[in-house]
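One structure below.
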DNA sequence: GAAAGAGAGAGAGCAGTGCTCTCTGATGTG
DNA sequence: CACATCAGAGAGCACTGCTCTCTCTCTTTC
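Protein chains in written order, with our numbering: chain A, 233 to 490; chain B, 233 to 490.
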């Protein structure tokens, strides 16, 4: 009574589509279809209720199926969240990449545009932003599936910094420091340097400084979204611009504000 | 059977303490005592399990009382969380104030020390940090009780910036901008300017720039605590220093790193 | 083509949650 | 001393994640 009202007619619907049409058997295609319906329903619930309230039973109800049946497709609630996390990482990564690619300004000004685009995405989908940059869920340990999409924003940042250095407009006001050991070897390996000792100091320094840009972006959005600018900032949008541009100046990107 | 095993002997204990001893009646004193036990138990559970897993029933069990009895003292689970949030704001505010007061270096270097102290606090009490700077709980709307303690960290930052300006060592590398409208009138009022139009532009600019320091602090800690430096940064502590110092440089605080 | 197997879904059930209700018995006050 | 107040107990409701068993259909194998 609590679970379900409509009879399961899904199987019949599938049968009308014809048997064994593609490379995947009908069963596999049905499975994939249910999976995508599942994700769509979960995404909808996430955006309307937030991750803490995302309930597997509610998703099952939305799909008209028993809660136990969901476990045929997803091992646990946290696994479902992980799928949404990956989606969110990919979404924000694409937003950043598109903003960077679509800009014809210099790298400094482009960074402001990227930051603004990410902020707009976060304000549009606050629950997705929270999912990836807010408090991690419970004992959640990010599986390695999330690493790839998570790194896309970093790549945009490093790309802009390297472009700025190439153009000769990177002029750090920040402190001098010895870059050795501050980056993880894996991160430098991703950038093509298999041996950390062969990374030129100026490139290593740029890599470390990218942390300031990333931090100012995620920090500025978090701080705004989580309510810490309440009664502090006036015009949030223009406050954000100053925050990002000021931090960028320390890295050596001179942004002009209107 | 699920709730409780030991009989309630609390009342008898109180009786032995003598009747109506202080200004507060015995009942009130008992009430206050239970309340503080409640908070202590909740704090313990928060630090060991995290806010998402903070269960009123579990706290009640720890105290050996029925879960329903807890509602005599606290209207809801979220209200209990709010009390812990206020405690956390006060704790981090005190950490920042003490670090600032205990430093005899110039304002720039003092900022690094404050930032390091806050980071250390956050790493020691990650759940408290998450509680205030992570994703807000559900439909949680911060009641005004939290505003006062929340603003203590901001006050430290503004104090340092004003001191640096007074000492003539504040030399912003960040972008030029018109400060009007970027701050909330209430925030300027807190700083003693009841009429926003009388705030000198340079003071207003300092206020806005404080956002970069706040953001870099909260952002850098969040990013580290929530796992976004995994396989990116090597030595987290030294990475943090660069992040904070680089952002500070944009604001005009020249920090020397060792 | 028939028999055996695999797998999707249903439903009951367990242990846990927040919160409300009513009842009891001790406490402080007129 | 009688009465009102109020902390606490315990049952109960609606919800959660997850597991177990059962059924029925589709797929594969002989």
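All C-beta atoms, glycine included, are put in the ideal place defined by N, C-alpha and C. None of the values given here were measured: they were computed from a predicted structure.
Around the C-beta of residue 398 of chain A, fewer than 16 other C-beta atoms lie within 10 Å, and the residue is accordingly described as exposed. Under the three-pair Cβ rule at 8 Å, the segment 334–341 of chain B does not count as touching the segment 313–326 of chain B. In the three-state DSSP reduction, residue 320 of chain B falls in the helix class (H, G or I). DSSP, read as helix, strand or coil, puts residue 297 of chain B in coil. At least 8 Å separates the CB of residue 297 of chain B from every CB of chain A. For the pair of segments examined, the segment 409–421 of chain A was found not to touch the segment 354–364 of chain A: the number of CB pairs separated by less than 8 Å stays below three. Per the coordinates, the alpha-carbon of residue 450 of chain A lies some 14 Å from the alpha-carbon of residue 474 of chain A.
Counting C-beta pairs closer than 8 Å gives three or more between the segment 474–486 of chain B and the segment 394–410 of chain A, which meets the contact rule.
Within the segment 355–399 of chain B, no run of beta strand (DSSP E) reaches 3 residues while sitting entirely inside it. Residue 433 of chain A: member of the alpha helix (DSSP H) spanning 433–457, first to last residue. Closer than 8 Å to the CB of residue 342 of chain B there is not a single CB belonging to chain A.
The beta-bridge partner set that DSSP reports for residue 415 of chain B consists of A/465. Spatial neighbours of residue 266 of chain A in its own chain (CB-CB distance under 7 Å, excluding positions within 5 residues in sequence) are listed in chain order as 305.
At a Cβ-Cβ threshold of 8 Å, residue 379 of chain A and residue 325 of chain A do not count as neighbours.
In this chain, the alpha helix (DSSP H) harbouring residue 277 of chain A covers 258–281. Take residue 456 of chain B, set aside five residues on each side of it, and the residues of its chain with a beta-carbon closer than 6 Å to its own are 468, in chain order. Residue 393 of chain A is outside the set of residues whose beta carbon lies under 8 Å from a beta carbon in chain B. When the beta-carbon positions are compared, residue 316 of chain B and residue 291 of chain B stay at least 8 Å from each other. Residue 343 of chain A sits away from residue 489 of chain A, with the two beta carbons spaced by 8 Å or more.
Proximity of residue 489 of chain B to chain A, defined by a Cβ-Cβ separation below 8 Å, is satisfied. Residue 463 of chain A sits close to residue 419 of chain B, with the two beta carbons spaced by under 8 Å.
The C-beta distance from residue 365 of chain B to residue 471 of chain A rounds to 18 Å, too long to meet the 8 Å contact threshold.
Residues of chain A with a Cβ closer than 8 Å to the Cβ of residue 308 of chain B do not exist; the shortest Cβ-Cβ separation is about 15 Å.
In terms of Cβ geometry, residue 278 of chain B and residue 359 of chain B form a close pair [threshold 8 Å]. Within the segment 320–347 of chain A, no residue has a Cβ lying closer than 8 Å to any Cβ of chain B. Secondary structure at residue 350 of chain A: helix, using DSSP grouped into helix, strand and coil.
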